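Novice:
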Amino acid sequence: MASRKQSFVAGDGFDVLFDGSKSFWKTRSNLDILIASHKKQLCIEVVSYNAEIGVEAPRIYLSSMLLSTKINPQSEEFVSKLGAKKEAFNRQKKSYSVPELTKEVYNELMLNYIMQRLNVVSEGVDLTKELKMTIAHMNGDTVKDDDPTLVDFVINCPPSLTPVTVNYQKKASASEISRAQHKMQAENAALRNATRLAELTASATENFKLMMEEKRRIAAEMRTFSKARLRWIKAINRVLIQNYIAAVTRRLLNSSFADWYNAIVEKVAAEAAAEAEAAEMAEKAAALERESIARQRSILQANVSSKSGRMGGGDRAKNKVARRSLDNSQLPSLINTTDLASTSNESIKTPSGANAVLPSLGSPSGKTLPEKLLLDPMERRRQARQAAEPNNEEKSSKVSRIGKALSRKSFGGETEVELRSLALITPPTMESGVSQRIALPAATTTNGLFPSATGAVAAAGTGRPPSLRESYSEKGIKLTVPHIDTTESGKGPKLLESKSVPRRARM
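The sequence shown: position 331 = 331 (UniProt numbering), numbered continuously.
(1) Roughly how many angstroms lie between the CA atoms of Ser298 and Lys284, to the nearest whole one?
(2) Report the three-state DSSP secondary structure of Met184 (helix, strand or coil).
(3) Can you list, in chain order, the residues of its chain with a C-beta nearer than 6 Å to that of Lys144? Leave out the 5 residues immediately preceding and following it.
(4) Under 7 Å between the Cβ atoms of Asn167 and Ser7?
(5) In whole angstroms, give me the CA-to-CA distance for Glu199 and Ser160.
(6) I'd like to check one pair, Ser63 with Ile155: are the Cβ atoms closer than 7 Å?
(7) I'd like to check one pair, Ser48 with Ile35: are the Cβ atoms closer than 7 Å?
(8) Would a C-beta distance cut-off of 7 Å place Asn193 and Leu131 closer than the cut-off?
(9) Cβ of Val120 within 7 Å of Cβ of Thr195?
(10) Note down the Cα distance separating Val16 from Ser37, rounded to an integer number of angstroms.
(11) Let me know the secondary structure DSSP gives Val166 once reduced to three states.
(12) Just checking my contact of Gln41 with Pro158 at CB under 8 Å: how many whole Å lie between their CB atoms?
(13) Is Leu101 helix, strand or coil when you go by DSSP?
(14) Ala190 and Met133: beta carbons closer than 7 Å?
(15) Where does Thr27 sit, in a helix, a strand or coil, going by DSSP?
(16) For Val154, which residues does DSSP report across the bridge?
(17) Given residue 535, which residues of its chain have a CB within under 6 Å of its CB, disregarding the five upstream and five downstream residues?
(18) Straight-line CA distance for Ser256 to Lys227?
(19) Figure out for me which residue from Ala247, Val304, Ala174 has the closest Cα to the Cα of Glu52.
(20) Any idea which residues DSSP pairs Phe8 with across the strands?
(21) Around the C-beta of Gln296, are 16 or more other C-beta atoms found within 10 angstroms, so that it is buried, or is it exposed?
(22) Between the beta-carbon of Val46 and the beta-carbon of Leu82, is there less than 7 Å?
(23) Pull up the DSSP beta-bridge partners for Val248, would you.
(24) Any idea which residues DSSP pairs Asn50 with across the strands?
(25) Please report the straight-line C-alpha distance between Leu240 and Ala287, rounded to a whole angstrom.
(26) Output needed for Tyr96: all residues of its chain with C-beta closer than 6 Å, excluding positions within five of it in sequence on either side, in chain order.
(27) State the beta-bridge partners of Lys22 as determined by DSSP.
(28) Are the Cβ atoms of Val9 and Thr205 separated by less than 7 Å?
(29) Select from Lys22, Gly13, Ala269 the residue whose C-alpha is nearest the C-alpha of Leu111.
(30) Given this structure, state the Cα-to-Cα distance separating Ala247 from Asn188, to the nearest angstrom.
(31) From the DSSP output, in three-state form, read off Leu118 for me.
(32) Whole angstroms is fine: what's the gap from Leu210's alpha carbon to Thr201's?
(33) So for Glu87, helix, strand or coil by DSSP?
(34) Residues bridged to Ser37 by DSSP?
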């Protein structure tokens, strides 16, 4: 056993017999032990503390009267220890008191008796979290009748006893020291951050505070000025602001900002001019379209009013060619509409309006033959086959190809490239009694608004170029339409050329 520094708070009413530590080899633990004697209560208090886990065991109280019976002053051990102490004082030539030496030897023997029987309870106890001590009995000890595991001098805590106050501290492990260091570093960092923010706040508010104080001072001073002086100050401030704005404007104009601003202005002006030009071209194209629609409408009305008995075979074939050349997107407006302006406007706004209006014309079975030819491409093909079979004519592969291309072009199913590739193909001469069954393509622009002019040429039968092409050329707009030659009498139309013309501006 080794003594250690004082670990209790001194007080009246008790004497400390032992303050140290003891190692218990069985449980491999080192405990701090404090044994104090209470004179008035005739009681000895035993305090045990495990510094590794920071837990104190329940205190044990012993009876001083019963312990005194366990120590025999006449024993050989007692006499030898008392003689050794006397001899030590005699060698040092010091005076001593025999009762004090006897009491000291008695306390030592009593401490040995208690320490030999003080043990740690390990059964049913988790030594890493709690601690429990007991006074084990030895051979020759007297035990209690109600509890054979306890010796007879163990008692309960007296009611009038005041427990000894100890100041034991838990031993810090390496992990706890590391955690404490990290916590301290974090707190120091938080303290530095808070100090920095406080300094920034103080520096920011200090200038603002000085500015507000100056502003309040000026406001208080200006309240003492006359009205004329206040008006003069406001006028001066206004002039200063204007001069400052002029200086900033000059600096911006002299820098690269001026080039950027001028480029933006020019770009906006160019876009506005392009939009105006596009609108003008669209209006001009709409006017031409209305004119062409009116011309074709007049041709259609003339053909419908003519009866089969009053026209010859050649005129009937030309009228059929004219009707086939009409664009299907304009058919409803030509038949049912009387107002020219509303017809052209609807055709411009809804280029694909034919699909929505064609069902309203009724079933093809209830139509006359000219209307069937206009509405149903299959009807036109069937009539062409019936007309060609009695004559036993062999159809050329080129005629079949150009017929298919022209038929698909009339209903928006073929591109203009195929027609251009077939433009130089001259179909064979047909008999005058056989009507043309091949639908000629409609001359359209990119949006499909302009009608075909070939029907007007075929209906006229004069051999001169179409008047629609002339009217378009006079107004400065060119169309891509096949040139039809009808000068040879008794022969069908012939495709001579196909010219590329610029597209009309989109609306």
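From the three backbone atoms N, C-alpha and C, an ideal C-beta is built for every residue, glycine too.
Please read these numbers as outputs of a predicted model, since none were measured by experiment.
Specialist: In short, the structure shows the following:
(1) 22 Å
(2) helix
(3) Leu150, Asp152
(4) yes
(5) 60 Å
(6) yes
(7) no
(8) In this structure, Leu131 does not lie closer than 7 Å to Asn193 by Cβ.
(9) no
(10) 6 Å
(11) In the three-state scheme derived from DSSP, where H, G and I count as helix and E and B as strand, Val166 is classed as strand.
(12) 5 Å
(13) helix
(14) no
(15) coil
(16) Here Val154 is bridged, per DSSP, to Leu62.
(17) Beyond the ends of the chain as shown, which are 1 and 507, falls residue 535; an answer cannot be given.
(18) 45 Å
(19) Ala174
(20) For Phe8, which the question treats as bridged, DSSP gives the partners Val166.
(21) buried
(22) No, the pair does not count as a contact, with Cβ atoms beyond the cut-off.
(23) According to DSSP, Val248 bridges with nothing at all.
(24) Val55
(25) 60 Å
(26) Result list for Tyr96: Phe89, in chain order.
(27) Leu31
(28) no
(29) When each option's Cα is compared against that of Leu111, the closest is Lys22.
(30) 52 Å
(31) strand
(32) 14 Å
(33) helix
(34) Answer by DSSP bridge pairing, in chain order: Asp15, Ile44.
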